[in-house]
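So the sequence shown is numbered by my numbering: it starts at 66 and just counts up by one.
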Amino acid sequence: MSLRSIASIATALFLGLIAVLLVRNYVLSQGGGKPTAGAAANVTPVVVAVLPVERGVTLKPEMLKVVNYPNTAVPQGAFKTIAEVAGGANARTALRSMAPNEPVMAEKLSGSGGKANLSVTLTPGMRAVSIRSDDVAGVAGFVLPGDRVDILLTRAISSGAAATTITQVLAENAQVVGVDQSSDVQADKPMVAKAVTVEVTPDQAQAISLAHAVGSISLMLRQVSDHDMLTRKAITVADLGGPRPHAAALHVIRAKARAGATPAVTIQVRVTRGVDTIGYPVGGR
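Okay, structure coming up:
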């Protein structure tokens, strides 16, 4: 090979190397290389599911991975490391099903150690109380975990002539957290249950407990987006309309009582001879 050919090849290699270095510097200047320190500071690691996770499954490290989320898009209650939720003493159980790439959040998991208590899902300051249920009180089994209901008490009040029946509201827009022993919010089939567990305030829990002893409790199922308060808190038999039994007689008796008069009572012996009947008073006051 001639000296001129060798020189040409060397020159071409030198110019090619210079071109590669120039292109590399240009790409890095446009952010196409490794993330800069500023870019890394704008993201946060978030633990997500790798595969579908069913409710009740204990999390394992191989079920999870870590991805970077923009700081402004990190879900509340997300975890930064797999060790916080899987493996060892920190292993947790899924309280809700999760899809692939769905962030793993505290509200979807049991407490550390994998114990799936209902208590960990309750809103702070609230209480869970169970209500006896059947096919009528439980809206024919259509009340399921995750639904919201109004809780009603029907009972008799007063006595004697003033006796009546009243239905009153004990709690409004209460969330159902369990039906019998199931708390699965993914359930979608009606089930006639013996007990429905709801999340209420401490005062409402006391009222519901007392209501079991004085009357019958029923549930009203709410439409999923209805969070309005009820306008009527109680209703009596009189509110249903129609004449009250013996209303006129009661009015007369009460009027005489207010006037201090005592209704007279006369005792008679009635004797019938043929077609004639004669009454003979024998006493009275």
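For glycine and all other residues, C-beta sits at the position ideal for the given N, C-alpha and C.
Source: prediction; values computed, not measured.
(request) Assign K173 to buried or exposed, taking buried as 16 or more other Cβ atoms, counted over all protein chains shown, within 10 Å of its Cβ. (result) One-based indexing of the sequence shown puts residue 173 at position 108. So K173 counts as buried.
(message) Closest to A272 by C-alpha separation, out of Q288, G243, Q233, S67, would be which residue?
(response) As a working note, residue 272 is residue 207 in the sequence shown. Closest option to A272, Cα to Cα, is Q233.
(message) So if DSSP puts L78 in a beta bridge, which residue, or which two residues, is it bridged to?
(response) Start at 1 with the first residue of the sequence shown, and residue 78 comes out as number 13. Looking at the DSSP assignment, L78 forms no beta bridge with any residue, so it has no partner.
(request) Examine the Cβ distances between the region 108–122 and the region 154–168 and report whether three or more of them are shorter than 8 Å. (result) Counting Cβ pairs under 8 Å, three or more are found: they touch.
(request) Using 10 angstroms around the beta-carbon of E127, count the other beta-carbons present and answer buried if the total reaches 16, otherwise exposed. (result) As a first step, residue 127 is located in the sequence shown; it is residue number 62 there, counting from the start. When all chains shown are included, E127 counts as exposed.
(message) Between the region 282–294 and the region 183–203, can you find at least three pairs of beta-carbon atoms closer than 8 Å?
(response) In this structure the region 183–203 touches the region 282–294; the number of beta carbon pairs closer than 8 Å is three or more.
(request) Tell me, to the nearest whole angstrom, how far the beta carbon of L209 is from that of V244; I am working on the premise that it is less than 8 Å. (result) Reading the sequence shown from its first residue, position 144 is the one you call residue 209. Reading the sequence shown from its first residue, position 179 is the one you call residue 244. The pair is a contact, with the Cβ atoms about 6 Å apart (cut-off 8 Å).
(request) Have a look at G349 and A228 and give me their C-alpha separation to the nearest angstrom. (result) The sequence position of residue 349 within the sequence shown is 284, counting from 1. The sequence position of residue 228 within the sequence shown is 163, counting from 1. The predicted model places G349 with a pLDDT of 49, which falls under 50 and marks its position as unreliable, so this point remains unresolved.
(request) Could you name the residues of the same chain whose beta carbon sits closer than 7 Å to that of L160, not counting the 5 residues immediately before and after it, in chain order? (result) Taking the sequence shown and counting its residues from 1, one reaches residue 160 at position 95. Excluding residues up to 5 positions away in sequence, R120, K173, L174, S175, A181, T186 lie with their Cβ nearer than 7 Å to the Cβ of L160 in the same chain.
(message) On the DSSP letters alone, give me the boundaries of the beta strand (DSSP E) that Q240 sits inside.
(response) Position 175 of the sequence shown holds residue 240. Its beta strand (DSSP E) spans residues 229–244.
(message) Please return the same chain residues whose Cβ sits closer than 7 Å to the Cβ of G81, not counting the five positions on each side in sequence.
(response) By 1-based counting over the sequence shown, the position of residue 81 is 16. Nothing listed; no residue qualifies.
(message) Starting from I273, trace the beta strand (DSSP E) in both directions and tell me its first and last residue.
(response) The residue you call residue 273 lines up with position 208 of the sequence shown. Taken as a continuous stretch (DSSP letters only), I273 belongs to no beta strand (DSSP E), being part of the alpha helix (DSSP H) at 267–279.
(request) Starting from S195, trace the beta strand (DSSP E) both ways and give me its first and last residue. (result) Numbered from 1 along the sequence shown, position 130 holds the residue referred to as residue 195. That run of the beta strand (DSSP E) goes 192–197.
(request) Tell me, to the nearest whole angstrom, how far the beta carbon of Q240 is from that of V257; I am working on the premise that it is less than 8 Å. (result) What you label residue 240 is simply residue 175 of the sequence shown in a count that begins at 1. What you label residue 257 is simply residue 192 of the sequence shown in a count that begins at 1. Cβ atoms of Q240 and V257 stay farther apart than 8 Å, at about 20 Å.
(message) Buried or exposed, going by whether 16 or more other CB atoms sit within 10 Å of the CB of I196?
(response) If you number the sequence shown from 1, residue 196 lands on position 131. The Cβ neighbour count for I196, taken over all protein chains shown within 10 Å, is at least 16; the residue is labelled buried.
(message) Once the 5 residues before and after L124 are set aside, which same chain residues still bring their CB inside 6 Å of it?
(response) Taking the first residue of the sequence shown as 1, we reach residue 124 at position 59. Cβ neighbours of L124 beyond the five flanking positions: V150, A151, R157.
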